[in-house]
Amino acid sequence: EVPLGQLRALTVLYLWDNKLRTLPESVATLKRLKLLDVRNNDLSNLPPKLALIESLNKVVLDGNPLRAIRRNIVEQGTRAVLDSLRMKLTDEDIHGTIEDLSLEALLRDAYQYKTLDLSNRNLDPFPTEIFDVEVYQLKLNRTNITQLPDRIAGEHAAALRELHLIGNHLSDLPGFLAALGGLSELNMSTNSLSQVPPVLGALHNLKYLDLSRNQLGNCTLPCMSSLEELHMGSNQLSEMPGGLGQLRTLRVLDLNTNKIELMADETFCNLNLVHTIDMSNNELKDLPLSLGHKEELRTLVLNGNPLRTVRHQIISKGTGAVLEYLRGREPPKPTAGASNATASSASADEVAAMFAEMDLKIGELEDQVVAPGLSGPKVYALKKQLAMAKAAKKKNERELAQQK
């Protein structure tokens, strides 16, 4: 067996549906970790040093009796949880293991290891000599930069694979970044972007993009033909980003903590590889029925939305239950020339709207039946109404099925 702390290249860790009471501190040494799924365990707390993993952008905590982290923080999503954990760290936790190396020493190491980390340094004036070294990974997190120098597009530009620019003051990306043809990972979380930089469309090998915690309003994405993972959480989006449907290679979509009200069916027509969608803490009132047929979809995060047609009881059962429910909401398609009067002249949209209204009514009655403080006669009356509503739905389903 390999100790968890030695799996340094690990990016995704699934520990769900176990009986874990604690997480080992060694999890915090997985510096490339992006997704930690510990749902349905017995965790009461998390290691505070998780907040030091800069790449960690999703922690799934549903179904744990967390006591050391307030429920309202958990409901705000991953960023709020990590911010809460960070408040528990001491200066020694954050800086105690960081050696005070000179720039010259870091550059010598960069020649050998092909990585350079200048995070948490004041880069004013900017040391452009760092671009004299060929590196695969460059970290410039929290360095107070407002723009990138053109020397980043110099003779070693094509070698760069990962560029981390977290926590700066960048409002755009210059066109000369198109020279970074080999770039596969770009993290621009916590900057000052108000629009998606068009130059991203020229980065044809880009697989991972993090634009979370910026100032992005409604925007259109450039065509990114290789993109597999997109993070745009904690922005100011009120609708799905334009151009999202053309990202055919996308596997992870994270739009948590925005103000999005609608997920249109057409957005997901071509996203057949997506396995994780995080729409938590938005303004969704309904879900597209087409999601029920996404064969690769394994994780759909919906908490913190005012959903009206998908009841909380279904959401709490997990992604599989939600997808099954969406498939069940699709009415049989009426055939041409059918003689049954129930929906022979109704369009598919009208039929879908009819069943959605029935589902909403059934959901409301189910919630009322279990409400506390009801008298016996009131419960009986509600159960009778619920039975009648369900019977009416089944009758309509049978009548439509007979038209096939």
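In terms of the numbering used here, the sequence shown opens at residue 37 and continues consecutively.
By construction, the Cβ of each residue, glycine as well, lies at the ideal position given by its N, Cα and C atoms.
What distance in whole Å lies between the Cβ atoms of M394 and A357, which are believed to be in contact at a cut-off of 8 Å? Not really, about 19 Å apart at Cβ, beyond 8 Å.
Quick check on DSSP: helix, strand or coil for K321? coil
What does the Cβ neighbour count give for R249, buried or exposed, with the cut at 16 atoms within 10 Å? buried
Between L184 and L154, is the Cβ-Cβ spacing less than 9 Å? no
Would you call the stretch 184-197 and the stretch 47-54 touching, i.e. three or more CB-CB distances under 8 Å? no
What are the boundary residues of the alpha helix (DSSP H) that includes T151? Per DSSP, T151 belongs to no alpha helix (DSSP H); it is in the beta strand (DSSP E), 151-153.
As a quick exercise: from T312, D314, M299, T303, pick the residue whose alpha carbon is nearest that of L323. Among T312, D314, M299, T303, the Cα nearest to that of L323 belongs to M299.
Have a look at G203, I202, N204, L213 and flag the residue whose alpha-carbon is nearest the alpha-carbon of L196. L213
Is DSSP giving T226 helix, strand or coil here? In the displayed model, T226 falls within coil according to three-state DSSP, outside both helix and strand.
To the nearest angstrom, report how far apart S225 and L201 are at their CA atoms. 7 Å
For D301, does the count of other Cβ atoms within 10 angstroms reach 16, so buried, or fall short, so exposed? exposed
L154: beta carbon under 8 Å from a heavy atom of the ligand SAH? No copy of the ligand SAH occurs in the structure displayed, which carries no ligand at all.
To which residues of the same chain is N227 closer than 6 Å at the C-beta, ignoring the five residues directly before and after it? N204, L206, N250
Could you tell me how far apart the beta carbons of L152 and A146 are, in whole angstroms, since I believe they sit closer than 8 Å? 4 Å
Spatial neighbours of C255 in its chain, beta-carbon cut-off 6 Å, leaving aside the 5 residues before and after: Q231, V232, P277
With distances taken Cα to Cα, identify the nearest neighbour of L229 among L247, E221, L242. The alpha carbon of L229 has as its nearest neighbour, out of L247, E221, L242, the alpha carbon of L247.
What's the C-alpha gap between E265 and G328? 21 Å
Shortest alpha-carbon distance to S261 belongs to which of E297, G253, L286? L286
When the Cα atoms are used, what is the spatial distance from H348 to T293? The straight-line gap from Cα to Cα measures roughly 19 Å.
What number of angstroms, rounded off, separates the C-alpha of E170 from the C-alpha of H192? 5 Å
Rounded to whole angstroms, what's the CA-CA distance from D78 to S62? Just pull it up for me. Straight through space, the alpha carbons of S62 and D78 are spaced by roughly 18 Å.
C-alpha distance - A141 paired with V346, whole-angstrom precision: 57 Å
What's the C-alpha gap between N108 and A215? 44 Å
Pick out whichever of E198, S274, G279, L336 has its Cα sitting closest to the Cα of G237. G279
Can you check which of these residues, G99, D98, S91, L257, is closest to N177 by C-alpha distance? Of the candidates G99, D98, S91, L257, the residue whose Cα lies closest to the Cα of N177 is S91.
Quick check: K295 and V310, are their CB atoms within less than 9 Å of each other? The answer is no: Cβ separation not under 9 Å.
Bridge-paired residues (DSSP) for V96: D73
Along the chain, where does the beta strand (DSSP E) that runs through L266 open and close? The continuous beta strand (DSSP E) containing L266 extends over residues 265-267.
Does DSSP put G278 in a helix, a strand or coil? If DSSP states are grouped into helix, strand and coil, G278 belongs with the strands.
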